[in-house]
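Numbering (the numbering used here), first residue to last: 3 to 103. Glycine included, each C-beta is placed from N, C-alpha and C at the ideal position.
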């Protein structure tokens with residue numbers, strides 16, 4: 003069992019859901035996050051003002067799943083990123099789980 007974490011800009015939600023389906027990852031969670039490319043004092047200063055949004059609307063998906071499914075997902079994400087016309091690739095990471103219930 004491993005923890006899969008996938009992040010992207012919100013515009014790619016449909017594509018990520020399709021990738022999860024093709025990789026047979028049926029159980030996962032999603033949360034909205036703000037994504038930042040450059041963290042500097044200007045962004046930190048702006049965050050004090052609630053009317054200004056400093057980050058990009060992004061999403062984080064996570065799933066506890068088997069390694070075989072993760073390998074296919076990584077292949078599909080790599081293929082997606084190769085054809086990307088923007089500088090916002092889908093990111094994926096895996097964390098080993100020592101124990102779980």
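field: Straight-line gap, residue 3 to residue 75 (C-alpha atoms, nearest Å)
entry: Cα to Cα, residue 3 sits roughly 15 Å from residue 75.
message: Measuring straight from C-alpha to C-alpha, what distance separates residue 23 and residue 103?
response: Cα to Cα, the separation comes out at about 25 Å.
- prompt: Hey, residue 6 and residue 99: beta-carbon distance below 8 Å or not?
  reply: Cβ atoms of residue 6 and residue 99: not closer than 8 Å.
Spatially closest choice to residue 32 from 39, 97, 66 and 81, by CA coordinates: Checked all of 39, 97, 66 and 81; the closest Cα to residue 32 is 66.
- prompt: Should residue 61 and residue 12 be called a contact, given that it needs their Cβ atoms to be closer than 8 Å?
  reply: Contact check for residue 61 against residue 12 passes: the beta carbons are separated by less than 8 Å.
- prompt: Below 8 Å between beta carbons: does that hold for residue 92 and residue 10?
  reply: Taking 8 Å as the cut-off, the beta carbon of residue 92 is found closer than this to the beta carbon of residue 10.
message: Quick check on residue 71: does DSSP put it in helix, strand or coil?
response: Helix at residue 71.
task: Could you name the residues of the same chain whose beta carbon sits closer than 7 Å to that of residue 30, not counting the 5 residues immediately before and after it, in chain order?
output: Closer than 7 Å at Cβ, skipping near neighbours: 22, 63, 64 and 65.
field: Residues sharing a beta bridge with residue 96, DSSP
entry: Secondary-structure assignment with DSSP links residue 96 through a beta bridge to 6.
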